[in-house]
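Residue numbers for the sequence shown follow the numbering used here, beginning at 110 and rising by one. Reading through the structure tokens given below for one structure.
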Amino acid sequence: MAKPSQPIDMDKQMLLGCSAFVAASFLCYFAWVGPWFLWPDQHLLSVLAKVTVVGFGLSVLPGLFTTLRGGIAGGCGYLAGTMAGAVFVHLRIDQVLLGRLIPQSPIPEYPDSFSWLVPGLMIGSTALVVLVTLVWKKEL
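Written out as structure tokens, the structure reads:
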């Protein structure tokens, strides 16, 4: 005869939720920021696109895992890590765009609006992934 499963106590549930949030935040932040250190010619539009696509691809794996395992806490951690990464990307693009003011630096190939557009797309795409995953998991 099988034993009835014991309900998870509140302490264990809080520990799992907090751990999922923190793990997702750190993993997704480093997934978004890491590619920026691999390609130095960030004034080129092709490199900006490559860095953004690679960052999204790297962040989806731990983000989906923590959202599926940790539920809403994991999804919120995934979104929080992306928001922190979006702040980094915004500041980095602004720094690259300052190259227009310095005579010896390369001129960026993209407009100033990309300093807000790219981080906004990062956050929007991550929120969509989290929302679809939580609806699919039937947690929302």
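A virtual CB, placed ideally from N, CA and C, is assigned to each residue, including glycine.
Stretch pair the stretch 170-179 + the stretch 220-231: three plus CB contacts closer than 8 Å
no
Have a look at Phe135, Leu153 and Lys121 and flag the residue whose alpha-carbon is nearest the alpha-carbon of Tyr219.
Leu153
Drop a sphere of 10 angstroms on the beta-carbon of Ala158, count the other beta-carbons inside from all chains shown, and report buried for 16 or more, exposed for fewer.
exposed
Are the CB atoms of Gly183 and Ala133 nearer to each other than 8 Å?
Taking the C-beta atoms as reference points, Ala133 is found nearer than 8 Å to Gly183.
Rounded to whole angstroms, what is the Cα-Cα separation between Tyr236 and Gly194?
Rather than Tyr, the amino acid found at residue 236 in this sequence is Ala. When rounded, the distance between both Cα atoms is 14 Å.
Let me know if Phe146 comes out buried or exposed under the rule of 16 or more other beta-carbons within 10 Å of its beta-carbon.
exposed
What separation, rounded to the nearest whole angstrom, lies between the Cα atoms of Gly123 and Val241?
In the sequence as displayed, the identity of residue 123 is Met instead of Gly. Each residue's alpha carbon lies about 24 Å from the other.
Pick from Gln115, Leu125, Pro144 and Ala189: whose alpha carbon is nearest that of Arg201?
Pro144
Rounded separation between Cys185 and Gln213 - CA only:
43 Å
List the whole-angstrom C-beta distance separating Val239 from Leu188, where the pair is believed to meet the contact cut-off of C-beta under 8 Å.
6 Å
Nearest-angstrom Cβ-Cβ length linking Trp141 and Gly164, presumed shorter than 8 Å:
4 Å
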